[in-house]
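Asks: Please see the structure below; I have some questions.
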């Protein structure tokens, strides 16, 4: 949309003409990607690097304000009539006008599996602004270690691409753990970069091929000068839990971590009774997060990522004791807006739903 | 008046379970097909509005004016009946689409959505056809049941009904002020807050139809103003007719507070069934009525996506037949005829059929739990 058109459509007069609907509701008649405020995009290219993944290039509308390297965003798609949003790391460098993400098949992850199986050119995707602080500063460290496992390669790739785009790769070691060569996303690109850039050394470990999991000996062998390196780490929870103490024991330079979905410490269990004030329904708080308790009670609260990122499920809790499922911290709240998906009851809770 | 006596409590409970099963089956089946339906309706409503308003800009040509009024009326009727009313019931919340969220949707009507959700979703759908509790029973200006005490003012109610039909959205806008409670158990400050909400909405609605679009039309402004007025008028008459046919037809039952105390699920279903009446018609007719032509199904399952009422109606009717319950349906002419008859009959002092109702003083005052 041209800025002057957007300014006109965003004016109070045009808003009044559309009222009580929004200008977006009418723009959707032309193209559902059009919006005055919401970032939305269309898939402009689909590539399948491995059998179990898909790499999407998304052309965002002009409400996309860009990102910093290593950040993530929510991708929303309508599946069987229902809007689902999940979080993915951005691989493209910040200067790139297109957004690149790579999605791996993921157990019962509906959005991931749908995109892997059915993503196609032209598909509409709802976007969120970029979030996250897995970002290198403007200055690139002289020596860095990028270390990832599985789909954890995506944000780390984003960081590396940013450095390469700015021609600042002096001494970077990239250690990546993948199950096998056929399973590894960005394998070809990494190999090519490794050959082209003298400042970059790529070490790939195939765990299914006898390469072994991360341990002290392997880390010392591959990165003997870890003490002098600033580290970016991303991977599945088990990998992160194993890698983090090893790295911290060897280097007191900054360690940046990006943790994916499994931010919950354990299966969500609550205790006490949950009262949904507006609908006058009482439920046991035992089964899952407050969001799951509400859904179990037949309510349909708004939700998005279901992992504490998007704030779509934010709801006023009039009073009660809640546990943050990411940190296990228990606290008393009163008239507080909470993300229902990452809080469970830790006593009686009154939710304004 | 009231509930049938030929069913035992166990029968009524079983009746409720059968209806629950119908509901569960549909609600578990919602998906792509339903999403496509509502998206088609949304597109139809918006296209007809855009084209209709554009035609009114050429309103000096009589066919353009008539076509514009027709399309804008269609748009306003679809928006109020099939979209707004149903979205605010939460029928489309399962889609998780912020544009169809019952919590935030605002409809093209002078009544603010939050007040509508209180007066309609809560008061009317909870206390359906309970005299003194359901404020939609005559909208506190008409006498629609023998059990409402007659007052001389009801002599002119045929005229009042006609006025209400023509300006229905304004009646709806003022409805939740609950003027009969003001100064009693409702404070003036509470009324003030509501009145400000109504004024905010009214101002936007009037500005759009009678200032902004006429300004845009320049010399065509008179045609745009008259066309917008005509479309609002048509929508008012249509929604009045459909809504009055929902609960005030000939055979519809009214209830008293006593017999509805501590209702179980099955009994609640029973009251919704007996207090509602359907309209027969074609698919386009049902869509234009917002599927309120399936008032019975709507009152049984207010949050079920409306186009599903059409599909489950034969099953609901079959269940009613098995339990020997009246499934009140008929063409618009017959049902609206019943409404007109009722409005006329109730305007005159009329004795109750059998004096079963307890002395008024023993009937508890309406209890308005706060649902907002």
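Protein chains in written order, with my numbering: chain A, 14 to 366; chain B, 504 to 875.
All residues carry an ideal CB built from backbone N, CA and C; glycine is no exception.
Owing to the predicted nature of the structure, the values given are computational and were not obtained by experimental measurement.
1. Residue range of the alpha helix (DSSP H) that residue 19(A) falls in?
2. Say whether chain A places a C-beta atom closer than 8 Å to the C-beta of residue 579(B).
3. My guess is that residue 153(A) and residue 181(A) are in contact by the Cβ rule of under 8 Å, so how many angstroms apart are they, rounded?
4. Looking at the unbroken alpha helix (DSSP H) that takes in residue 54(A), where does it start and where does it end?
5. Using C-beta distances below 7 Å, list every residue in its chain close to residue 871(B), excluding the 5 sequence neighbours before and after it, in chain order.
6. Anyone know if the C-beta pair for residue 250(A) and residue 227(A) falls short of 8 Å?
7. Looking only at its chain, what residues have a beta carbon closer than 7 Å to the beta carbon of residue 744(B), apart from the 5 residues adjacent to it on each side?
8. 8 Å is my cut-off, CB to CB: does residue 32(A) come that close to chain B?
9. Taking residue 548(B) as part of the alpha helix (DSSP H), name the residues at either end of that continuous run.
10. Spatial neighbours of residue 825(B) within its chain, please: CB distance less than 7 Å, with the 5 preceding and 5 following residues excluded, ordered by chain position.
11. Please state if the CB of residue 286(A) and the CB of residue 302(A) are separated by a distance shorter than 8 Å.
12. Would you mind working out which of 613(B), 543(B), 522(B) sits nearest residue 586(B), comparing C-alpha positions?
13. Counting only C-beta atoms, is residue 94(A) closer than 8 Å to chain B at any point?
14. Out of 147(A), 259(A), 183(A), 156(A), point me to the one whose CA is closest to residue 166(A)'s CA.
15. Below 6 Å CB to CB, which residues in the same chain sit around residue 360(A) once its five sequence neighbours on both sides are set aside?
16. Among 643(B), 702(B), 650(B), which residue has its Cα nearest to the Cα of residue 660(B)?
17. Using the Cα positions of residue 106(A) and residue 246(A), report the straight-line distance between them to the nearest angstrom.
18. Closer than 7 Å, Cβ to any Cβ of chain B: which residues of the segment 22-46 of chain A, in chain order?
19. Hey, does residue 518(B) have any beta-carbon neighbour from chain A nearer than 8 Å?
20. Please list the residues of the segment 505-537 of chain B that have a C-beta atom closer than 7 Å to any C-beta atom in chain A, keeping them in chain order.
21. Distance cutoff 8 Å, beta carbons only. Does residue 772(B) sit that close to anything in chain A?
22. Is there at least one Cβ from chain B nearer than 8 Å to residue 315(A)'s Cβ?
23. Who are the neighbours of residue 91(A) on chain B, taking C-beta pairs under 8 Å?
24. Whole angstroms are fine: how far does the CA of residue 97(A) sit from the CA of residue 91(A)?
25. Residues of chain A with CB closer than 9 Å to the CB of residue 590(B), please, in chain order.
26. Output yes or no for whether 8 Å exceeds the beta carbon distance between residue 611(B) and residue 25(A).
27. Could you check the C-alpha separation between residue 525(B) and residue 224(A) for me, to the nearest Å?
28. Under 7 Å Cβ to Cβ from residue 235(A), same chain only, skipping five residues before and after it: list those, please.
29. I want to verify the contact list: residues of chain A whose CB lies under 9 Å from the CB of residue 738(B), in sequence order.
Replies: Straight from the coordinates:
1. One-based indexing of the first chain puts residue 19(A) at position 6. Counting along the chain, the alpha helix (DSSP H) containing residue 19(A) begins and ends at 16-22.
2. For the purposes of this step, residue 579(B) is identified with residue 76 of the second chain, where counting begins at 1. No, no contact with chain A.
3. The residue given as residue 153(A) occupies position 140 in the first chain. The residue given as residue 181(A) occupies position 168 in the first chain. A Cβ-Cβ separation of about 4 Å places residue 153(A) in contact with residue 181(A) under the 8 Å criterion.
4. Reading the first chain from its first residue, position 41 is the one you call residue 54(A). No alpha helix (DSSP H) holds residue 54(A); the beta strand (DSSP E) holding it covers 53-60.
5. Here residue 871(B) refers to the residue found at position 368 when the second chain is read from its first residue. Confidence at residue 871(B) is low in this model, with a pLDDT of 37, below 50, so its placement is unreliable and no value can be given for it.
6. To locate residue 250(A), count along the first chain from 1; it is residue 237. To locate residue 227(A), count along the first chain from 1; it is residue 214. Their beta carbons are not under 8 Å apart, which means residue 250(A) does not touch residue 227(A) by this criterion.
7. Residue 744(B) sits at position 241 when you count from the first residue of the second chain. Closer than 7 Å at the Cβ level, and outside the excluded window around residue 744(B), lie 839.
8. Here residue 32(A) refers to the residue found at position 19 of the first chain. Closer than 8 Å to some Cβ of chain B, the Cβ of residue 32(A) qualifies, so yes.
9. In the second chain, counting from the first residue as 1, residue 548(B) sits at position 45. Start and end: 535-559.
10. Position 322 of the second chain, counted from the first residue, corresponds to residue 825(B). No residues qualify anywhere along the chain.
11. The residue you call residue 302(A) lines up with position 289 of the first chain. The residue you call residue 286(A) lines up with position 273 of the first chain. No; because the gap between Cβ atoms is not below 8 Å, this pair is not in contact.
12. Working through the second chain from its first residue, we reach residue 586(B) at position 83. Residue 586(B) has its Cα closest to that of 543(B), out of 613(B), 543(B), 522(B).
13. Indexing the first chain from 1 puts residue 94(A) at position 81. So, interface residue.
14. Sequence index remark: in the first chain, residue 166(A) carries index 153 (1-based). It is 147(A).
15. In the first chain, counting from the first residue as 1, residue 360(A) sits at position 347. Contacts found: 285, 334.
16. Here residue 660(B) corresponds to residue number 157 of the second chain, with the count starting at 1. Looking at the Cα atoms, 643(B) is the closest of the given residues.
17. Here residue 106(A) refers to the residue found at position 93 of the first chain. Here residue 246(A) refers to the residue found at position 233 of the first chain. Those two C-alpha atoms are separated by around 18 Å.
18. Answer set for the segment 22-46 of chain A: 26, 29, 30, 32, 33, 38, 39, 42.
19. To locate residue 518(B), count along the second chain from 1; it is residue 15. For residue 518(B), the closest Cβ of chain A is not nearer than 8 Å.
20. 533, 534, 535, 537
21. What you label residue 772(B) is simply residue 269 of the second chain in a count that begins at 1. No, because no Cβ of chain A sits closer than 8 Å to the Cβ of residue 772(B).
22. One-based indexing of the first chain puts residue 315(A) at position 302. Judged by the 8 Å Cβ criterion, residue 315(A) is in contact with chain B.
23. Position 78 of the first chain holds residue 91(A). Those are 538, 598, 600, listed as they occur along chain B.
24. For the purposes of this step, residue 91(A) is taken as the residue at position 78 of the first chain. For the purposes of this step, residue 97(A) is taken as the residue at position 84 of the first chain. Each residue's Cα considered, the two are about 6 Å apart.
25. Numbered from its first residue, the second chain carries residue 590(B) at position 87. Within 9 Å Cβ-Cβ: nothing; residue 590(B) doesn't reach chain A, min ~11 Å.
26. For the purposes of this step, residue 611(B) is taken as residue 108 along the second chain, with counting starting at 1. For the purposes of this step, residue 25(A) is taken as residue 12 along the first chain, with counting starting at 1. For residue 611(B) and residue 25(A), no; Cβs fall outside 8 Å.
27. By 1-based counting over the second chain, the position of residue 525(B) is 22. By 1-based counting over the first chain, the position of residue 224(A) is 211. Per the coordinates, the alpha-carbon of residue 525(B) lies some 57 Å from the alpha-carbon of residue 224(A).
28. Counting from 1 along the first chain, the entry for residue 235(A) is found at position 222. Cβ within range, chain order: 188, 216.
29. Your numbering for residue 738(B) matches position 235 in the second chain. Simply none; closest approach about 14 Å.
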